[in-house]
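In our numbering, the protein residues as written are 4 to 55.
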Amino acid sequence: MELKTMFTPIQKLNHNQPSQFLKIVYSRQIINGKLELIPLELYTDGSLKRSA
Numbered sequence: 004m005e006l007k008t009m010f011t012p013i014q015k016l017n018h019n020q021p022s023q024f025l026k027i028v029y030s031r032q033i034i035n036g037k038l039e040l041i042p043l044e045l046y047t048d049g050s051l052k053r054s055a
């Protein structure tokens with residue numbers, strides 16, 4: 004999976020919360036022969052969640 008990021012400034016992080024939202028990243032997927040960008044939410048603990 005290849006990830007591309009939006010260029011947004013990183014806000015000051017509160018490390019008291021275990022998994023604070025950091026930024027949106029994109030995965031490039033080929034679906035039915037077409038390239039699609041799938042938005043994913045990146046959290047400070049490194050986890051990814053599909054964006055709604």
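Note that CB positions come from ideal geometry on N, CA and C, so glycine has one too.
- Shown here, Q23 sits in coil according to DSSP, grouped into three states, outside any helix or strand.
- Taking C-beta atoms as the reference points, I27 and S54 count as a pair closer than 9 angstroms.
- In the three-state scheme derived from DSSP, where H, G and I count as helix and E and B as strand, S54 is classed as coil.
- When the beta-carbon positions are compared, Y46 and K52 come within less than 9 angstroms of each other.
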